[in-house]
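Encoded as C-alpha cells, the structure appears first; notes follow it.
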Amino acid sequence: MPSILAAVMPAPRAPVEVREFPEPELAPGSALLRTSFSEVCGTDVHLWHGRLAGVPYPISPGHVSVGIAAKVRGDMTSVDGTRVREGDRLVFFDVHRTCGRCRACTVARTPTRCEQRRVYGITDSAADGLFGGWAQAIYLEPGVVSARLPDNVPDEAYIGGGCGLVTAVHIIERASLGLADTVLVQGTGAVGLSAIALARLAGASLIVAIGAPSDRLELARRMGADLAIDLQRTTEASRRDQILSATDGAGVDVAIEAAGSARAVEEGPGLIRDGGRYVIAGHYTDAGPSSINVHQQINRKHLEIRGCWGSEVAHFVRAVRILARHHAAIPWQAIGAGTYGLDEVNRALADAEAMRLPKALVKPN
Ligand SMILES: [Zn+2]
Ligand SMILES: [Zn+2]
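Going by our numbering, the sequence shown opens with residue -18, and the numbers climb by one from there.
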C-alpha cells in the first residue's frame, strides 16, 4: 500500500473529504488492517453535527470495523492469547487506550469514564494517522485488543451488529435481566435492535419495542420483539394501554432506553412495574432535560434507574461469541442495509441522519 485513502471529517457540518495518507511505520506489536467494512453509526452523525465534546477535528471516523491483517510487525497477540498473523480476519475493540491508574479505572472501576480513554474514529486526530475505519487501512497500535472473527461469521454480520451490538451486551449486563422478565426497549436504531435480540437470548418472556420509522418495526420483530409499537402512529396514552394490557396491568419488569430522546425518558417510568428497573443508554449526547414527577415515577414506584456508558473489552469479546453462536438465526446482517464507498460517505451520513436505513456500511476497498 504505497498510499492509503481515508475519509476525513475536517470540522462539524463540513463535507467529508477523501485524503491520501502515507503508509504508517509499524511499531513492534502493531498491525496494518486492510479495512473490509466500517460503519456509520449514530455517533458519527453526532460527530458531524459537532455534538460531542473535545473531538480533535479533523478526524477520520469509523470506530467499529472489520478487516484483514495486511502487515504485522513483531509479536502481536489477540485477546485469546494467540499470535496475530498476516492474513488473519480481525476485529478489534475500538477503545485503544485507558490509563488503568485513575480513580475511574481503579477505584470506581468504571474504565468507560477514564479521562485518558481513546477511541478509534472519535478521539484521534487525522493528523495522528490512520485511527478511523472510513479508510482503506487502519493502524492497530500496540496494545489494541483484537480478535479473529470466527470463520463462520460473515463480515456483514459482524458489522451489522457493530458498535450497537457491543453496546447492547453492556446494556443487558446493566439490566440484570432475570429469566422470563418482561422487557421494553425504547428505540429501534442499531442499539435498540441488538438489545431486543439479546433480551430474547437472555430469556425474556415478553419483549415490547417502541420505535420509528415504521419499516424498522418489522426488523424489530425479526430481531425478537413480540410487540412493536409505532411511535409516530400512536399516542403516549395508547402506548401505555398496550403495554399495561400485555403485562397484566403491571408494566414491564425492565425497560431499556435506546432512543436518545428526552421525551422517551419522561414516558419510560410509567411503563415499568413498581420495583422495576430502567437502564438509560441512548443519551450519548445531551438531548436536553426530561421532566418527571419524582414522587410518582421514582420514589413511590420504588424504581431503580441505571445509566450505561460505553463498553469494555468483555462486552466486545462477548459480542463476538454471540455472533459465532447466533449469527445465522438473528438477522444482524439486515441492519447494515446499505453499503457506500469512501467517496460516498457524505451520502451515507445524510442517509443515516435522515434515518433512511437502520445502518449505512462503509466499504473502503
Ligand atoms: Zn458507534
Ligand atoms: Zn483511567
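Even for Gly, the Cβ is constructed at its ideal location relative to N, Cα and C.
Which value, in whole angstroms, describes the spacing of the CA atoms of residue 205 and residue 178?
For the purposes of this step, residue 205 is identified with residue 224 of the sequence shown, where counting begins at 1. For the purposes of this step, residue 178 is identified with residue 197 of the sequence shown, where counting begins at 1. Going by the C-alpha atoms only, they are around 5 Å apart.
With C-beta atoms as the reference, is residue 285 less than 7 Å away from residue 248?
Your numbering for residue 285 matches position 304 in the sequence shown. Your numbering for residue 248 matches position 267 in the sequence shown. Not closer than 7 Å, so no.
Contacts around residue 75, its chain only, beta-carbon distance under 6 Å, and the 5 residues preceding and following it disregarded:
For this step, residue 75 is matched to residue 94 along the sequence shown. The residues are 44, 45, 100, 101.
With distance defined between alpha-carbon atoms, name the residue in -6, -17, 82, -2 nearest to residue 322.
As a first step, residue 322 must be located in the sequence shown, where it is residue number 341. Nearest option by C-alpha distance: -2.
Can you tell me which residues form a DSSP beta bridge with residue 342?
Your numbering for residue 342 matches position 361 in the sequence shown. 20, 320.
Look up residue -7 in the DSSP assignment and say whether it is helix, strand or coil.
Here residue -7 corresponds to residue number 12 of the sequence shown, with the count starting at 1. DSSP places residue -7 in coil when its eight states are reduced to three.
Alpha carbon to alpha carbon, what distance is there between residue 113 and residue 316?
As a position in the sequence shown, residue 316 is number 335, starting the count at 1. As a position in the sequence shown, residue 113 is number 132, starting the count at 1. So the two alpha carbons sit approximately 21 Å from each other.
One or two residues paired with residue 72 in a DSSP bridge
Counted from its first residue, the sequence shown places residue 72 at position 91. According to DSSP, which records beta bridges pairwise, residue 72 is partnered with 47, 128.
Is residue 169 close to ligand 1? I mean its beta-carbon at under 6 Å from any heavy atom of the ligand.
Here residue 169 corresponds to residue number 188 of the sequence shown, with the count starting at 1. No, Cβ of residue 169 sits at least 6 Å from all heavy atoms of ligand 1.
Give the straight-line distance between the Cα atoms of residue 258 and residue 153, rounded to the nearest whole angstrom.
One-based indexing of the sequence shown puts residue 258 at position 277. One-based indexing of the sequence shown puts residue 153 at position 172. As the crow flies, the alpha-carbon of residue 258 is around 12 Å from that of residue 153.
For residue 121 and residue 72, the rounded distance between their alpha carbons:
Here residue 72 corresponds to residue number 91 of the sequence shown, with the count starting at 1. Here residue 121 corresponds to residue number 140 of the sequence shown, with the count starting at 1. Each residue's alpha carbon lies about 10 Å from the other.
Check the C-beta distance from residue 169 over to residue 192 and give it rounded, since I have them as a contact under 8 Å.
Looking up residue 169 in the sequence shown gives position 188. Looking up residue 192 in the sequence shown gives position 211. Right, the Cβ-Cβ distance comes to about 3 Å (below 8 Å), so this counts as a contact.
Whole-Å CB distance - residue 21 paired with residue 343, under 8 Å assumed
Taking the first residue of the sequence shown as position 1, residue 21 is located at position 40. Taking the first residue of the sequence shown as position 1, residue 343 is located at position 362. Between residue 343 and residue 21 the Cβ distance is about 6 Å, and since that is below 8 Å, they are a contact.
Tell me whether the beta-carbon of residue 255 lies closer than 7 Å to the beta-carbon of residue 276.
Position 274 of the sequence shown, counted from the start, is the residue given in the question as residue 255. Position 295 of the sequence shown, counted from the start, is the residue given in the question as residue 276. Going by C-beta atoms, residue 255 is not nearer than 7 Å to residue 276.
Euclidean distance between Cα positions of residue 207 and residue -17
Walking along the sequence shown from the start, residue 207 turns up at place 226. Walking along the sequence shown from the start, residue -17 turns up at place 2. For residue 207 and residue -17, the distance between alpha carbons rounds to 52 Å.
Any heavy atom of ligand 1 inside 6 Å of the beta-carbon of residue 16?
Along the sequence shown, one-based indexing puts residue 16 at 35. Answer for residue 16: no, Cβ out of range of ligand 1.
Looking at residue 58: is its Cβ nearer than 7 Å to the Cβ of residue 66?
Position 77 of the sequence shown holds residue 58. Position 85 of the sequence shown holds residue 66. For residue 58 and residue 66, no; Cβs fall outside 7 Å.
Buried or exposed: residue 162, going by 16 or more other Cβ atoms within 10 Å of its Cβ?
Here the question's residue 162 lines up with position 181 in the sequence shown. It is buried - the Cβ of residue 162 has at least 16 other Cβ atoms within 10 Å.
Nonlocal neighbours in the same chain, by C-beta distance under 7 Å from residue 133, ignoring five residues either side:
As a position in the sequence shown, residue 133 is number 152, starting the count at 1. Cβ neighbours of residue 133 beyond the five flanking positions: 305.
Output the distance between the C-alpha atoms of residue 209 and residue 267, rounded to the nearest integer angstrom.
Here residue 209 refers to the residue found at position 228 of the sequence shown. Here residue 267 refers to the residue found at position 286 of the sequence shown. Whole-angstrom Cα-Cα distance: 26 Å.
Tell me whether residue 89 counts as near ligand 2, meaning its Cβ is closer than 6 Å to at least one heavy atom of that ligand.
Along the sequence shown, read from residue 1 onward, the residue named residue 89 stands at position 108. No.
Using a Cβ-based criterion (distance less than 6 Å to any ligand heavy atom), does residue 24 qualify as near ligand 1?
For the purposes of this step, residue 24 is taken as residue 43 along the sequence shown, with counting starting at 1. Yes, the beta carbon of residue 24 sits closer than 6 Å to at least one heavy atom of ligand 1.
Could I get the ranges of all uninterrupted beta strand (DSSP E) runs contained in the region 244 to 297, with 3 residues as the minimum, in chain order?
253 to 261, 285 to 288
CB-CB length for residue 271 against residue 243, believed under 8 Å
Your numbering for residue 271 matches position 290 in the sequence shown. Your numbering for residue 243 matches position 262 in the sequence shown. Right, their Cβ atoms sit about 4 Å apart.
Taking 6 Å as the line, does the beta carbon of residue 144 fall inside it for any heavy atom of ligand 2?
What you label residue 144 is simply residue 163 of the sequence shown in a count that begins at 1. No, since every heavy atom of ligand 2 falls outside the 6 Å radius drawn around the Cβ of residue 144.
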